[in-house]
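Visitor: Following this message is one structure expressed as structure tokens.
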Ligand code: TXA
Ligand code: MG
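Numbering (this note's numbering), first residue to last: 2 to 315.
Written as structure tokens, this is what we have:
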């Protein structure tokens with residue numbers, strides 16, 4: 002298949018309307034979109050990404066009116082979060098309507114809904130005139146793409162179109178919060194932090210997977226965010242003892258050793274924004290081990306550490 006690479010929103014949205022699949026920029030990471038009401042198009046998304054089909058997709062909306070086609074009930078907690086945060090890097094889980102096909106939700110009776118914040122993304126979603134399912138536009142298991150070149154690297158020839166936009170501002174996937182129960186439950190951390198959500202609903206909790214439990218968010222059990230290189234997390238106090246040969250380093254402080262590929266970030270936000278791209282850069286440079294400096298697990302640092310830990314597990 003020839004992949005069209007374009008900056009044209011109308012060309013890209015026409016492809017969606019004809020049942021094609023299009024990678025597009027968002028403020029978190031690039032997504033791979035398909036019309037949520039077109040089961041065949043959704044199947045193409047799973048196939049192109051080689052995504053296990055027990056991992057549900059998030060519905061992306063271009064305006065708030067579309068929620069009623071997706072959710073059979075907007076719980077009071079969800080209403081509060083929508084009012085406080087949409088559009089934003091926040092996905093809320095609600096009971097789904099009959100219209101939402103089960104291949105989008107991997108058989109679940111619930112659906113994740115998110116309205117991205119980026120103006121260009123909203124323009125594209127509105128031009129599509131339908132909500133889009135959109136997982137991150139990477140091959141399953143690889144680091145999420147934060148620029149169109151990373152999408153190209155993984156999916157050129159496998160998808161109909163790449164809509165070229167800017168580098169993703171946040172660089173980590175959206176916060177996912179389950180709003181179907183009494184207390185909101187954060188299934189995946191992100192740029193909308195635990196503290197942000199608790200300011201609106203104080204009993205919002207972090208979901209912790211217990212041993213032998215079936216995960217609430219199927220995505221939690223899959224291997225994730227991994228570069229080819231081995232990832233090792235280190236404390237800033239440990240900086241200096243590492244062998245720098247064929248190694249990379251990313252963090253907030255300057256290491257003593259002379260690593261082959263290095264990124265010193267000026268803030269945790271910037272660290273979050275560039276981490277996935279740094280992993281890809283290291284793989285291109287045939288780096289064998291990537292040292293990542295640990296950060297404090299609060300605010301967006303919690304989400305960053307979650308992704309770094311998972312990358313280091315593989
Ligand atoms: O920022 C984002 O959310 C990006 C951009 C493209 O919007 N998308 C993204 O999608 O990260 P994906 O498919 O890579 O991750 C979706 C996550 C998975 O962990 C999945 O298990 C969870 O959301 N999820 C989706 N629907 C769910 C549901 N109904 N119940 C529980 N978890 C759900
Ligand atoms: Mg993903």
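Think of the CB as a built atom: it goes at the ideal place given N, C-alpha and C, for glycine as much as any other residue.
1) Apart from the five residues on each side of it in sequence, which residues of its chain come closer than 7 Å, Cβ to Cβ, to residue 86?
2) Kindly indicate the opening and closing residues of the beta strand (DSSP E) around residue 259.
3) Might you give, ordered along the chain, the residues of its own chain that have their beta carbon closer than 6 Å to the beta carbon of residue 171, omitting 5 neighbours on each side?
4) Between residue 129 and residue 21, how many whole angstroms is the CB-CB distance? I'm expecting something under 8 Å.
5) Check this for me: beta carbons of residue 230 and residue 160, under 8 Å apart or not?
6) Tell me the DSSP secondary structure of residue 276 in three-state form.
7) Under 7 Å: does the beta carbon of residue 174 sit that close to some heavy atom of the ligand TXA?
8) Tell me which same chain residues have a C-beta within less than 6 Å of the C-beta of residue 46, skipping the five on either side of it?
9) Taking residue 294 as part of the beta strand (DSSP E), name the residues at either end of that continuous run.
10) Is residue 55 helix, strand or coil when you go by DSSP?
11) What are the start and end residues of the alpha helix (DSSP H) that includes residue 201?
12) I'd like to know if the region 43-62 and the region 196-204 are in contact, where contact means that at least 3 CB-CB pairs between them fall below 8 Å.
13) Classify residue 14 as buried or exposed, calling it buried when 16 or more other Cβ atoms lie within 10 Å of its own Cβ.
14) Classify residue 1 as helix, strand or coil using the three-state DSSP reduction.
15) Give the DSSP-derived three-state secondary structure of residue 190 in the structure shown.
16) In whole angstroms, what is the alpha-carbon distance linking residue 297 and residue 156?
17) Which residues in the same chain as residue 283 place their Cβ atom closer than 7 Å to its Cβ, once the five residues preceding and following it in sequence are excluded?
18) Taking all protein chains shown into account, do 16 or more other C-beta atoms lie within 10 angstroms of the C-beta of residue 244, making it buried, or fewer, making it exposed?
19) In terms of residue numbering, what span does the alpha helix (DSSP H) encompassing residue 10 cover?
20) How close, in whole Å, do the beta carbons of residue 251 and residue 179 come, if the pair is a contact with beta carbons under 8 Å?
21) Using the Cβ count rule (16 or more neighbours within 10 Å means buried), how would you classify residue 103?
22) By how many angstroms is the C-alpha of residue 138 removed from the C-alpha of residue 64?
23) In this structure, how does DSSP classify residue 1 when only helix, strand and coil are distinguished?
24) Are the Cβ atoms of residue 126 and residue 62 separated by less than 8 Å?
25) Report the three-state DSSP secondary structure of residue 248 (helix, strand or coil).
Guide: Taking the coordinates as given:
1) 193
2) Premise fails: residue 259 is in no beta strand (DSSP E) and is neither H nor E.
3) 28, 29, 90, 192
4) About 11 Å separates the two Cβ atoms, so there is no contact after all.
5) No, the pair does not count as a contact, with Cβ atoms beyond the cut-off.
6) helix
7) yes
8) 22, 33, 35
9) Note, residue 294: beta strand (DSSP E), 290-294.
10) coil
11) 195-201
12) no
13) buried
14) The requested residue 1 is not part of the displayed model; the chain covers only 2 to 315.
15) Correct three-state label for residue 190: coil.
16) 34 Å
17) 228, 230, 249, 262, 291
18) exposed
19) 10-18
20) Rounded, the Cβ-Cβ distance is 31 Å, inconsistent with contact.
21) Residue 103 comes out exposed.
22) When rounded, the distance between both Cα atoms is 22 Å.
23) Not covered by the structure: residue 1. The range shown for the chain is 2 to 315.
24) yes
25) Reduced to three states, the DSSP call for residue 248 is strand.
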